[in-house]
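All remarks here apply to the structure that follows.
There are 2 protein chains.
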Amino acid sequence: MAIKDLASKNKRIRRTPEEARRLILEAAETGMAAGGPAGLRLETVAKAAGVSHPTILHHFGSREGLIQALNLRTVEQLRTVLIDVLGSSPQSSENAITPIFAAYRNGLAQRMVWLMQSGSLVMGPAGLPMLDEMVLALHALRERLAGPGVQVDIADTRAIVHLTTFAAFGDAILGKRLRRAPTPAEEIAQQQSFENWFGEFLNVYMSRKG
Amino acid sequence: MAIKDLASKNKRIRRTPEEARRLILEAAETGMAAGGPAGLRLETVAKAAGVSHPTILHHFGSREGLIQALNLRTVEQLRTVLIDVLGSSPQSSENAITPIFAAYRNGLAQRMVWLMQSGSLVMGPAGLPMLDEMVLALHALRERLAGPGVQVDIADTRAIVHLTTFAAFGDAILGKRLRRAPTPAEEIAQQQSFENWFGEFLNVYMSRKG
DNA sequence: CCTATTATATACAATATTGTCAATAATGAG
DNA sequence: CTCATTATTGACAATATTGTATATAATAGG
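Taken in sequence, the protein lines are chains A and B.
Each residue of the first sequence is one higher than the last, beginning at 2 in my numbering.
Each residue of the second sequence is one higher than the last, beginning at 2 in my numbering.
What follows is the structure in structure tokens.
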């Protein structure tokens, strides 16, 4: 105990509340990989964040409060990603696909699963309305490309957005198991191959449907 | 306690091991809806199955054993569904879609998520090879439809199967949140609408690609 | 510098959860 | 019927987990 006294001689690090919350949320996000929200343990998260578990309770009130904060974070991330994709380069539908797949693969899909599993405490019955913006933006693009006087069905556009979401989401969750690539390099190659194929797929469809 | 003695006077029901396992697995499957594998509690499952929790441990060895048995069941269900779809009516790719969507929506997608969350203890690194059969079957169909001498790319067929899987899977997990239908009837209508759209989508693509 | 605020940590309480053990009762075989 | 087998269970043990209480130290404002 003498050693401990000398080594960690009461050196508390006092963070700002925002910083502490951020640290804890990030630790929870990565650490929740095994088990989802039901598998989240305060002690585990605390250790990963470098704090004690009562500190988590101090900042989030309860375990449930932490999970709700995580869900809010996920919804925000989804919104940010989508807005980012829309704002970057909506020249064609094809080159918008790669960043979408990348974002979902980068943990977003996994977090969306957790969000669904936690019950709709955050979103309420409202669902995921941020996709609506995407539908409207793509629809405007399609009408522009179709030229004046040509009618484009918005239900069709909505279906395309939904399918793209399902493709990116499903690929992120199931893709690796379906592909069974022998090497990481091969896995990446097959990922890109599927993305490109899907982009072409969309183009084939849209060029025929307008 | 006199009441209890009269009411439940030592009336144990002794099931066959198979029946007991089946009861427990079914209870676990439905009861796991909230939380996934990490949220599975022996006491909860036992109560739903109408047994005491040591009975579960007797039949499955441990909580982990129960989860593995559940995963095995999921893999079997997936295989059964796919074989069923293949064997029923592979006249065109379009009319095979409805039963696939129905199966995934019927809890299979949710169980696949749990399967992924439990780590690949059951499948090993092998992934989900049962989809390969589907690829081969659809490929044979496409070659038949394309007529003699026409080359059909099997990578293309594989991508179609993957996309269909992602569509059915994603729709089962996210569909309701994306649609936000006001009534259950409307929800079903929108489900079918999307399925039909996707079937047409596939046809538009395949009729151009062969 | 002095003080109020509060983020942090240790110790503890209360409960939940998995797993063990021994007793018991249902069933089938002889 | 008798008996061995074993599915079942209540009681218990051991640990895990969330949440509370209290003390303390870091920081900001005077």
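Note that the Cβ used here is the ideal one computed from N, Cα and C, for glycine as well.
The structure presented is a predicted model; accordingly, all values stated were derived computationally and were not measured.
Min CB distance residue i to chain B below 9 Å
i: A:V114; result: yes
i: A:S63; result: no
i: A:D157; result: yes
i: A:T75; result: no
i: A:T31; result: no
i: A:A160; result: yes
i: A:V205; result: yes
i: A:G108; result: no
i: A:R209; result: yes
i: A:T17; result: no
i: A:L129; result: yes
i: A:S53; result: no
i: A:A21; result: no
i: A:Q193; result: no
Interface flag, residue i vs chain A, CB-CB below 9 Å
i: B:H163; result: yes
i: B:P126; result: The predicted model places B:P126 with a pLDDT of 45, which falls under 50 and marks its position as unreliable, so this point remains unresolved.
i: B:F199; result: yes
i: B:F102; result: no
i: B:A3; result: At B:A3 the pLDDT is 38, less than 50, meaning the model places this residue with poor confidence and gives no usable figure here.
i: B:L67; result: no
i: B:L87; result: no
i: B:L132; result: yes
i: B:L146; result: no
i: B:T81; result: no
i: B:T99; result: no
i: B:L137; result: no
i: B:T56; result: no
i: B:Q152; result: no
i: B:Q78; result: no
Buried versus exposed, by CB contacts within 10 Å (16 or more), residue i
i: B:S119; result: buried
i: A:N107; result: exposed
i: B:T17; result: exposed
i: A:F52; result: In the sequence as presented, Phe is not what sits at residue 52 of chain A; that position holds Val. Buried, since its Cβ has 16 or more Cβ neighbours within 10 Å.
i: A:V114; result: buried
i: B:I14; result: exposed
i: B:G66; result: exposed
i: B:I98; result: buried
i: B:H59; result: exposed
i: A:E187; result: exposed
i: A:Q111; result: buried
i: A:Q152; result: exposed
i: B:I57; result: buried
i: A:Q192; result: buried
i: B:P130; result: exposed
i: A:T184; result: exposed
i: B:N72; result: buried
i: B:P126; result: Any reading at B:P126 needs caution, since the residue's pLDDT is 45, under 50, leaving its predicted position unreliable; the model's value is listed next. Its Cβ having fewer than 16 others within 10 Å, B:P126 is exposed.
i: B:I189; result: exposed
i: B:D172; result: buried
i: B:R143; result: buried
i: A:T75; result: buried
i: A:G150; result: exposed
Whole-angstrom C-beta distance between residue j and residue i, which should lie under 8 Å
i: A:I174; j: B:M33; result: About 18 Å; that fails the 8 Å criterion.
i: A:Q78; j: A:L109; result: 6 Å
i: A:H140; j: A:T158; result: 4 Å
i: B:F202; j: A:Y105; result: Rounded, the Cβ-Cβ distance is 20 Å, inconsistent with contact.
i: B:I25; j: B:A50; result: 5 Å
i: A:F102; j: A:A169; result: 5 Å
i: A:L43; j: A:H54; result: 4 Å
i: B:H39; j: A:A28; result: Just to set this straight, residue 39 of chain B is Ala in the shown sequence, not His. So it is not a contact: roughly 17 Å between Cβ atoms.
i: B:M135; j: B:L87; result: 6 Å
i: A:G37; j: B:G148; result: The pair is not a contact, with the Cβ atoms about 49 Å apart (cut-off 8 Å).
Quiz item: What residues in the segment 169-191 of chain B have a beta carbon less than 8 Å from any beta carbon of chain A?
Solution: Here the close residues are F170, G171, D172, I174, L175, G176, K177, R178, L179, R180 and R181.
Quiz prompt | Proximal residues, the segment 33-51 of chain B versus chain A, C-beta separation under 7 Å | solution = Hits within the stretch, in order: G36, G37, A39 and G40.
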